[in-house]
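Report on the structure given below.
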Ligand SMILES: *Cc1c(COP(=O)(O)O)cnc(C)c1O
C-alpha cells in the first residue's frame, strides 16, 4: 500500500510504500463520526509488450481533488496522486492478472483522522492506496436489469452527488437490496426533485442509443458523478461520427414510448461498458431494444477495452505505462 498524511501545520508528508497492513485510528477519528472520506477507483492492465498501464490516472487525480474540496478536505496534488498509483502498480507488477477481463484495481482513499468530536473540518488526514486483482464486475452476465425506486434518491441538487465521497454510497444500499430481491442487478437512480429524469446507477453512468443512431446521456449536473469511462465512451462515439447529446432523459423515454431508445448501457471503471436489458419501476417493466447487447454498445465496449488493454493504439493519452 501507499500512504501519506496531511496536517494543517505541516501539509503533506512524502509518499511511503509499505506492506499492506491495518490502520490504527482513534475511536474519535473524525471520519468515523462526520464522514469526511473520499475515494477513487482505477485499474491497471497488463500490456502485451510487458509491464502494465494505468487507465485514466489523470482523470482520477483531478476528480479526487474536486471530491476533497467539496468535503472541505485538503487536495492532494494531482502529480502526487498519479505517482502514488504508478508506484503501487510498479511494486505489484507481478500481481497484475493477465487473463481476459481481469486487471489490478486500485483504491485510493482520503480520510479525516484527527481525534476530535467537534463538527468542523479535520486538521489531520490520511491518504492511502491499496490494490487488488479483479475479475470483470458482472462476469458472466450478458446484460443487466435495473430497478428504479420511486421513493428514494441517491443525490439531490446542491448535495454531494458529484463528489466520490463515501457517504453517497451507504444511502444507496437499501435500494440495491430491493433491486436484488426483484431479480435486478443494479439501481437506476432518478432525479431527486421530480423522479422523472434518469440520472445514473449506483457507481456507473448511463448512456442511451436512439433509433437514429445518436447517443444521449444526462448532463453533468451536481447530483451526477462525472465518470471517466463516460467521458471516454462519449469521445469515442463522437470520433466515430455519431451525434452525442447531453440532455435530460425522461424515464418514460425508456419505459413509455416504445422504440424511442434502441440500446442502453451503463459505464464505469469496475464494469466497463455493460448493456442494460430491462428497466423495472413499481408500475412498469420494459425491455430495451432486443434485450441483448446492441451493436453500438458492443462497438464502444470493444474500442474502450482495446485501448485499456493496449490492443488498440491510445490516441488520446488516456493510459500511463508502468515499466518494471
Ligand atoms: C465511480 C462512479 C461512476 C463511474 O466513474 P468512472 O470514473 O467511470 O469509474 C459513476 N457514478 C458514480 C456514482 C460513481 O461513484
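In my numbering, the protein residues as written are -3 to 320.
All C-beta atoms, glycine included, are put in the ideal place defined by N, C-alpha and C.
Treat the numbers as computed from the prediction; the structure is a model and nothing was measured.
Per-residue DSSP class, three states only, for residue i
i           : result
residue 174 : helix
residue 65  : helix
residue 35  : strand
residue 97  : coil
residue 222 : coil
residue 233 : helix
residue 110 : coil
residue 164 : helix
residue 292 : helix
residue 54  : helix
residue 74  : helix
residue 3   : strand
residue 81  : helix
residue 202 : strand
residue 272 : strand
residue 87  : helix
Pairwise C-alpha distance: residue j and residue i
i           : j           : result
residue 116 : residue 70  : 13 Å
residue 174 : residue 140 : 15 Å
residue 184 : residue 310 : 31 Å
residue 191 : residue 93  : 41 Å
residue 295 : residue 236 : 10 Å
residue 134 : residue 108 : 32 Å
residue 210 : residue 87  : 43 Å
residue 99  : residue 41  : 5 Å
residue 272 : residue 142 : 7 Å
residue 308 : residue 299 : 7 Å
residue 118 : residue -1  : 18 Å
residue 110 : residue 4   : 11 Å
residue 198 : residue 162 : 12 Å
residue 405 : residue 125 : Nothing about residue 405 can be reported from this structure: the residues present for the chain run from -3 to 320 only.
residue 18  : residue 215 : 40 Å
residue 264 : residue 23  : 34 Å
residue 38  : residue 81  : 9 Å
Residue i versus the options, residue with shortest Cα-Cα distance
i           : options               : result
residue 206 : 309, 236, 163 and 260 : 260
residue 104 : 283, 233 and 128      : 128
residue 120 : 57, 289 and 6         : 6
residue 112 : 28, 238, 285 and 212  : 28
residue 68  : 124, 195, 82 and 106  : 106
residue 253 : 284, 273 and 195      : 284
residue 72  : 222, 122, 83 and 96   : 122
residue 225 : 186, 262 and 241      : 262
residue 8   : 77, 19 and 25         : 77
residue 203 : 231, 1, 154 and 147   : 231
residue 48  : 14, 85 and 155        : 85
residue 21  : 13, 39 and 1          : 1
residue 96  : 80, 194 and 44        : 44
residue 137 : 290, 293 and 270      : 270
residue 193 : 242, 130, 57 and 180  : 242
residue 14  : 57, 83, 59 and 46     : 83
Integer-rounded CB distance, given that residue j should sit under 8 Å from residue i
i           : j           : result
residue 267 : residue 219 : Going by Cβ atoms, the distance from residue 267 to residue 219 rounds to 21 Å, so no, they are not a contact pair.
residue 282 : residue 251 : 4 Å
residue 201 : residue 213 : 7 Å
residue 196 : residue 187 : Between residue 187 and residue 196 the Cβ distance is about 10 Å, and since that is not below 8 Å, they are no contact.
Check your understanding: So does the region 34 to 54 actually touch the region 296 to 316, counting three or more Cβ pairs closer than 8 Å?
Key -> Contact holds: three or more Cβ-Cβ distances are below 8 Å.
Point to revise | Cβ contact check for the region 22 to 37 and the region 58 to 66: 3 or more pairs under 8 Å | key: Enough Cβ pairs lie closer than 8 Å, so yes.
Review point. Can at least three beta-carbon pairs, one atom from the region 302 to 309 and one from the region 156 to 170, be found at a separation below 8 Å?
Key: no
Check your understanding: Would you say the region 275 to 285 touches the region 235 to 253, given that touching needs at least three Cβ pairs under 8 Å?
Key -> yes
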